[in-house]
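First residue of the sequence shown? That's 0 in numbering that gives the first Met the number 0, and the numbers climb one at a time after it.
Cβ coordinates follow ideal geometry from the N, Cα and C atoms, glycine included.
For clarity, every value in this text was computed on a predicted model and none was experimentally measured.
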Amino acid sequence: MNILWFTWKDINHPEAGGAELVNEELAKLLVKDGHHVQFVVAGWKGCKSYSERNGFKIDRVGNRYTCYIKAYFHYKKYKNWADVVVDECNTMPFFCKYYVKQPTVFFIQQLAREVWFYQMPIAIAIIGYMIEPIYLRLLNREKTLTFAESTKSDLINLGFDSKRIGILSEAFTIKSAPSPFYWEKQCEPTILFFSAFREMKRPDHVIKAFEIAKETLKNLRLEMVGGGSGPYSDMVVSLIKNSKFSDSIKYHGKVYDAENKKMIMGRAHFICCTSVREGWGIIVSEAGSQGTPAIVYKVNGLKDAVKYGDAGLICERNNPEMMAKKICEAFSQITDYNKLVLNAFETAKNVNVNSTYGVFLQFLKEK
């Protein structure tokens with residue numbers, strides 16, 4: 000089977016994340032089974048327009064904004080080759096069903112909704128927020144794949160047929176700890192933020208929550224892992240350096256080494272996640288694989304990743320004050336901690352692309 004896959008990023012893109020990792024893993028499995036995969040993605044300054052790896056191929060056309068139009072014209076190159084086309088929506092779909100002659104599968108990571116206001120200028124954000132439900136309804140007859148039950152519910156509310164929506168597992172590449180209690184936790188109560196310093200991830204909320212909780216938990220410590228470029232990232236680093244509790248904050252910067260990543264995650268007591276919205280919240284599962292439960296905002300993706308409270312704590316309100324309250328509760332109810340560790344570890348075991356590859360392949364094969 001020849002699979003043409005439209006999406007705006009591949010794993011080498013400077014802004015690549017968990018979604019691109021899943022794509023790579025699925026593509027590798029497809030190639031292993033004898034299928035042929037061709038990605039069409041956006042390019043970036045200085046990138047190669049074409050590359051091959053792990054048996055699949057990648058064409059890079061246009062940029063973040065122009066790739067959707069360029070992909071339409073680029074399709075002519077493959078219109079007689081492809082057997083099925085994947086239209087992956089990461090904020091914007093490619094609307095393949097309106098010009099592709101082959102069967103199409105709509106693959107959506109998450110709805111953007113509030114994310115528009117964190118990642119785009121206000122004028123664009125307002126327009127995007129208003130038209131998103133409209134353009135998604137134009138695709139509600141498509142076979143659809145997504146990652147979380149909460150996203151599936153959003154799609155059903157937009158008229159998608161629940162029977163034509165498949166749920167896939169996310170993926171991560173670090174190896175799980177041998178056991179849920181493998182890592183020796185820090186001597187002092189420690190919370191962790193581990194993600195890109197982007198507006199929609201809201202690392203500043205974790206810093207503020209830490210400062211509030213620190214007034215009660217005098218020995219509380221915070222570890223910050225991540226980074227980025229631009230004014231917002233610079234602001235977060237400044238908040239770390241200028242915090243009145245800066246001597247209790249350890250800033251690691253970006254961490255790429257897998258063993259170091261596992262150790263940092265495994266030794267923290269909780270990972271704190273304050274995103275506006277996620278397709279899943281893969282960092283929750285990565286931390287869970289090292290025996291570290293999460294404290295999360297009550298948003299799509301994150302609440303799915305902690306099994307709606309079974310494998311972590313969920314804030315009733317999405318603000319630093321409530322996060323601080325949950326942090327204090329978490330360490331005052333330490334008798335329940337081992338149960339959370341076990342649940343987080345067991346939940347993470349199920350986050351594996353191999354376990355849902357069959358669902359993905361079935362959707363590609365169905366006419």
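Asked                                                                                                                      : Found
Cutoff 8 Å; reference Gly42; Cβ partners in own chain excluding five residues on either side                               : Ser48, Arg59, Val60, Gly61, Asn62, Cys66
In DSSP terms, what Ala293 is bridged to                                                                                   : Ile270, Gly311
Met199 vs Tyr117 beta-carbon contact at 7 Å                                                                                : yes
Any chain B beta carbon closer than 7 Å to Gly165                                                                          : No chain B appears in the structure shown, which is made up of a single protein chain.
Residue span of the alpha helix (DSSP H) that contains Arg136, given as start and end                                      : 121-136
Alpha helix (DSSP H) segments (min. 4 residues) lying fully within the segment 201-244                                     : 202-213, 230-241
Inter-residue Cα distance where the pair is Cys327 and Asn139                                                              : 43 Å
Same chain only: Cβ atoms within 8 Å of Arg220, ignoring 5 sequence neighbours per side                                    : Gln185, Glu187, Pro188, Thr189, Ile190, Ser247, Ile248, Lys249
Cys88 - partner residues in DSSP beta bridges                                                                              : Ile107
Uninterrupted alpha helix (DSSP H) stretches inside the segment 140-178 (no shorter than 4 residues)                       : 148-156
Trp80, DSSP secondary structure in three states                                                                            : coil
Among Lys96, Gly165, Asn241, Ala257, the one whose alpha carbon lies nearest that of Phe171                                : Ala257
Option in Thr150, Glu320, Val104 with minimal Cα separation from Phe5                                                      : Val104
CA-to-CA distance, Leu135 to Ala81, given in whole angstroms                                                               : 24 Å
6 Å CB neighbourhood of Lys213 in its chain, flanking five on each side removed                                            : Leu219, Phe244
Nonlocal neighbours in the same chain, by C-beta distance under 6 Å from Ala347, ignoring five residues either side        : Ser284, Gly287, Ser288
C-alpha gap between Cys95 and Gly54, whole angstroms                                                                       : 24 Å
Residue range of the alpha helix (DSSP H) that includes Lys31                                                              : 17-31
Proximity winner among Met262, Gln109, Asn11, relative to Glu183 (alpha-carbon distances)                                  : Met262
Residue burial classification, Ala111 (beta-carbon count within 10 angstroms, cutoff 16)                                   : buried
For Asn1: DSSP bridge partner residues                                                                                     : His35
CB-CB length for Ala323 against Ile211, believed under 8 Å                                                                 : 4 Å
Residue range of the unbroken beta strand (DSSP E) whose run includes Gly252                                               : 248-252
Cβ neighbour criterion (16 or more within 10 Å) applied to Ile126                                                          : exposed
Outcome for Met129 when other beta-carbon atoms lying within 10 angstroms are tallied against a minimum of 16              : exposed
Cβ neighbour criterion (16 or more within 10 Å) applied to Glu222                                                          : buried
Cβ separation of Val340 and Phe180, assumed to be a contact under 8 Å, to the nearest whole Å                              : 7 Å
Beta-carbon proximity check, Phe72 vs Val85, cutoff 7 Å                                                                    : no
Local conformation of Tyr181 per DSSP, three classes                                                                       : coil
Touch test, the segment 22-38 against the segment 289-304, Cβ-Cβ under 8 Å, three pairs minimum                            : no
Start-to-end residues for the alpha helix (DSSP H) that takes in Trp354                                                    : First, the residue type needs correcting, since residue 354 is Ser and not Trp in the sequence shown. Segment 352-364, the alpha helix (DSSP H) holding Ser354.
Cut-off 7 Å between Cβ atoms - residues of its own chain near Met321, not counting five sequence neighbours on either side : Cys314, Glu315
Nearest-angstrom Cβ-Cβ length linking Pro292 and Ala343, presumed shorter than 8 Å                                         : 4 Å
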